[in-house]
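Step one of this worksheet: look at the structure below.
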């Protein structure tokens with residue numbers, strides 16, 4: 336992968352400009368009292384009510400299509416708004432969902448041509464909780480479209496950078512508040528390992 340530029344305005348975060356001026360946001364967050372299994376269950380079993388609980392800037396969530404196991408191939412309509420930005424209606428498709436004893440992986444793709452985005456999360460066991468490695472890759476093979484997308488996201492400015500990563504950090508901290516209770520109340524025995 337060709338590498339062109341990288342910068343950071345906050346600890347444990349980084350932006351890289353990569354192939355065809357794609358924008359890659361990466362960050363690491365730690366959450367207490369939540370396991371990788373709980374996080375993967377949460378992503379695969381989202382509902383509108385749970386999505387609204389997750390972050391105050393989340394506006395709506397709807398399952399458009401879903402296989403019986405709620406996993407790969409699930410398609411969602413997601414509405415949210417970053418601080419100071421427009422409401423974003425996006426259609427997301429689950430591309431990967433995997434779990435083993437030490438980690439879980441979740442990857443989804445935003446399907447709109449005007450917002451090409453792949454989201455990858457790796458949830459790793461740590462003492463007392465989970466370390467979340469997140470990667471958001473914005474862009475397509477169209478370099479001009481990617482430059483316009485970067486301008487719209489304002490990710491090269493310190494303000495735009497902080498808006499994006501603050502939203503992500505807030506989402507991660509909110510996992511501690513909501514996921515253990517939701518998992519206990521709603522996860523079936525298969526997820527609980529019984």
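In the numbering used here, the protein residues as written are 336 to 529.
The beta carbon of each residue, even a glycine, is placed where N, CA and C say it ideally should be.
Extent of the continuous alpha helix (DSSP H) to which residue 507 belongs: Numbered from its first residue, the chain shown carries residue 507 at position 172. Secondary structure note for residue 507: its alpha helix (DSSP H) is the uninterrupted segment 493-521.
Neighbourhood of residue 513 by C-beta, 6 Å cutoff - its chain only, sequence neighbours within 5 removed: Here residue 513 is taken as the residue at index 178 of the chain shown, counted from 1. Leaving aside the five residues that flank residue 513 on each side, the residues in its chain whose CB is nearer than 6 Å to its CB run, in chain order, 388.
Alpha carbon to alpha carbon, what distance is there between residue 525 and residue 489? What you label residue 489 is simply residue 154 of the chain shown in a count that begins at 1. What you label residue 525 is simply residue 190 of the chain shown in a count that begins at 1. Residue 489 and residue 525: Cα-Cα distance of roughly 43 Å.
Inside the region 424-490 only - beta strand (DSSP E) runs reaching at least 3 residues: The beta strand (DSSP E) runs of length 3 or more contained entirely in the region 424-490 are, from start to end of the chain, 438-445, 452-461 and 464-473.
Residue 380 in three-state terms, based on DSSP: Reading the chain shown from its first residue, position 45 is the one you call residue 380. It is coil, neither helix nor strand.
If we count the other Cβ atoms within 10 Å of its Cβ and call it buried at 16 or more, is residue 445 buried or exposed? Locating residue 445 in the chain shown gives position 110, counting from the first residue. Residue 445 comes out buried.
Quick check on the burial criterion: 16 or more other C-beta atoms within 10 angstroms. Buried or exposed for residue 429? Within the chain shown, residue 429 is the residue found at index 94, counting from 1. By the 10 Å Cβ count, residue 429 comes out buried.
Classification of residue 441 by the beta-carbon crowding that lies within 10 angstroms, buried from 16 upward: Within the chain shown, numbered from 1, the residue matching residue 441 stands at position 106. Buried, since its Cβ has 16 or more Cβ neighbours within 10 Å.
Determine the burial state of residue 339: buried for a count of at least 16 other Cβ atoms within 10 Å of its Cβ, exposed for fewer. Stepping through the chain shown from its first residue, residue 339 is reached at position 4. Result: exposed.
Run the CB neighbour count on residue 336, radius 10 Å, all protein chains shown included, and call it buried at 16 or more, exposed below. Counting from 1 along the chain shown, the entry for residue 336 is found at position 1. Low confidence applies to residue 336: its pLDDT is 46, below 50, so where it sits in the model is not reliable, and the reading given next is rough at best. With fewer than 16 other CB atoms across the displayed protein chains lying within 10 angstroms of its CB, residue 336 is exposed.
Report the CB separation of residue 422 from residue 412 in whole angstroms; it is logged as a contact under 8 Å. The residue labelled residue 422 in the question sits at position 87 within the chain shown. The residue labelled residue 412 in the question sits at position 77 within the chain shown. In fact, because the Cβ distance is near 12 Å, the residues do not count as touching under 8 Å.
What would DSSP say about residue 355, mapped onto helix, strand or coil? Working through the chain shown from its first residue, we reach residue 355 at position 20. Three-state result, residue 355: helix.
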